[in-house]
Amino acid sequence: MKNILHTIESILGIYRWHPKIALRYLPVVDDIKKNFSEYSSVLEVGSGGLGITPYLKKKIVGVDVFFDLPVDKNITAVTALANELPFADKAFDTVICLDVIEHNSNHNRIKIISELLRVASSKIYIGLPVGKLSQKQDEEISVDFFKKHDHNYEYLSQHLEYGLPEKDWIIKTVTEEAQKLNKSVQIKIYGNINLKFRKFLMSGWISDNIIVNILFRKIFILFIPIFRIFNHSPTYRELFFITIN
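Everything in the sequence shown is counted per our numbering, starting at 23 for the first residue and increasing by one.
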């Protein structure tokens, strides 16, 4: 049955897609396809074994401290820290870093942003949850998860441990770190996933009911074009599209 589902997904071009994750990546994919050729070099920091590849469908270099198996065939995996990237200056046309920065201390957040700016030659895509409303929702979902599973959800625990940054802090840090590297940047910001809609999606993500899991992780893939409409404020995540001039 699983192989049949994978075959159908491959035919539809949605193999290894997940609704909640697709909504994070697709705006970045759209912009890359619009502004870069298929031969442009792409680095994703914090890719894991999958990252953006199911949606972008091109070869990339992926950096992480651990890679879930099987690693996607389009990822050249490099084990490294986000704040110490083992690449030359301006090594990649495009650098992507989604939902990574918030899992680090404030000191490391600055170093990561600096490294992204250093290795990018043209454009950087940073995405992460920001602000007090997103922080409050993470706290609520963390409590719900513990009630259902009797242990903490590590992904959210790090959000709560380090706290979510504010949007203005990201803008300020990107601008300051770019100046240190003698780079001029232009930043465009896009809200990503309305808070109420995100809470709805997370209710399925944390559910221990197999039917609910199938609905939220598979069936809802068919509704992604509709779900992409739900980016009105307040949003959980902000996407920062940073052009290096």
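Positions of the beta carbon are idealized from the N, C-alpha and C atoms, including for glycine.
Can you tell me whether DSSP reads residue i as helix, strand or coil?
i: residue 212; result: strand
i: residue 322; result: Past the edges of the chain, shown from 23 to 267, lies residue 322, and the structure says nothing about it.
i: residue 99; result: strand
i: residue 250; result: coil
i: residue 242; result: helix
i: residue 226; result: helix
i: residue 264; result: strand
i: residue 66; result: strand
i: residue 109; result: coil
i: residue 118; result: strand
i: residue 86; result: strand
i: residue 51; result: helix
i: residue 104; result: coil
i: residue 147; result: strand
i: residue 234; result: helix
i: residue 77; result: helix
i: residue 61; result: coil
i: residue 23; result: Interpretation of residue 23 is limited by its pLDDT of 47, a score under 50 that renders its predicted location unreliable; no figure is taken from the coordinates.
i: residue 314; result: Since the first and last residues shown for the chain are 23 and 267, residue 314 lies out of range.
i: residue 152; result: coil
i: residue 93; result: coil
Rounded to the nearest angstrom, how far is the Cβ of residue i from that of residue j, given a contact under 8 Å?
i: residue 160; j: residue 228; result: The pair is not a contact, with the Cβ atoms about 12 Å apart (cut-off 8 Å).
i: residue 63; j: residue 114; result: 5 Å
i: residue 258; j: residue 217; result: 5 Å
i: residue 153; j: residue 186; result: 6 Å
i: residue 205; j: residue 138; result: That pair is no contact at about 11 Å.
i: residue 270; j: residue 182; result: No information on residue 270 is available, as it lies outside the stretch 23 to 267 that the chain covers here.
i: residue 94; j: residue 75; result: 4 Å
i: residue 215; j: residue 260; result: Not quite, the Cβ-Cβ distance comes to about 10 Å (not below 8 Å), so this is no contact.
i: residue 45; j: residue 250; result: 6 Å
Quick one, which of the options has its alpha-carbon nearest residue i's?
i: residue 136; options: 128, 105, 164; result: 105
i: residue 266; options: 72, 145, 191; result: 145
i: residue 86; options: 43, 93, 68, 232; result: 68
i: residue 71; options: 99, 230, 156, 211; result: 99
i: residue 191; options: 49, 220, 129, 235; result: 129
i: residue 169; options: 199, 261, 83, 225; result: 225
i: residue 172; options: 230, 80, 48; result: 230
i: residue 65; options: 253, 219, 208, 141; result: 141
i: residue 209; options: 78, 83, 262; result: 262
i: residue 50; options: 40, 42, 78; result: 78
i: residue 91; options: 81, 73, 203, 80; result: 73
i: residue 43; options: 124, 56, 242, 264; result: 242
i: residue 178; options: 89, 107, 124; result: 124
i: residue 131; options: 103, 111, 158; result: 103
i: residue 220; options: 252, 235, 207; result: 252
Quick check on residue i: buried or exposed, where buried means 16 or more other Cβ atoms within 10 Å of its Cβ?
i: residue 61; result: exposed
i: residue 201; result: exposed
i: residue 199; result: buried
Give a single yes or no on whether residue i has its beta carbon closer than 6 Å to a heavy atom of the ligand COA.
i: residue 115; result: The ligand COA is not part of the structure shown, which contains no ligands of any sort.
Would you call the segment 120 to 138 and the segment 147 to 162 touching, i.e. three or more CB-CB distances under 8 Å? Output reads yes: the segment 147 to 162 touches the segment 120 to 138.
Does the segment 236 to 251 come close enough to the segment 183 to 202 that 3 or more CB-CB pairs lie under 8 Å? Short answer: they don't touch.
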